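Numbering (this note's numbering), first residue to last: 25 to 123.
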């Protein structure tokens with residue numbers, strides 16, 4: 025992706041604010057510092073770009089565990105990602121490798 029597009033998206037997400045409406049009242053405005061905008065047309069595209077990169081890195085990591093005749097490092101369903109590892113100690117390098 026061109027650096028200018030990345031900078032534009034980063035700028036948009038850096039200045040994201042929200043408020044909560046409850047009945048007839050409104051909360052104070054607060055910043056949003058994580059995630060993508062739900063309902064935004066770019067959100068699925070950005071999520072797919074991120075998850076594709078994550079899955080490729082996991083596939084190349086040679087980490088995970090054997091389940092029967094299959095060697096798996098993660099199971100993904102919608103926006104849920106389950107990392108698999110034979111032990112907690114072996115899980116940390118998997119997490120470190122994907123961040």
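Every residue gets a Cβ at the ideal spot worked out from N, C-alpha and C, and that includes glycine.
Since we're looking at a predicted model, the values are computed, not measured.
- Annotation: residue 85 to residue 71 spans about 21 Å, alpha carbon to alpha carbon.
- Segment contact: the region 48-55 against the region 74-85, fewer than three CB-CB distances shorter than 8 Å; contact not assigned.
- In the DSSP assignment, residue 101 falls outside any alpha helix (DSSP H) and lies within the beta strand (DSSP E) extending over 98-101.
- In this model, residue 95 and residue 89 are separated by some 6 Å (Cα to Cα).
- Annotation for residue 30: no beta strand (DSSP E) segment contains it, though the alpha helix (DSSP H) segment containing it runs 27-38.
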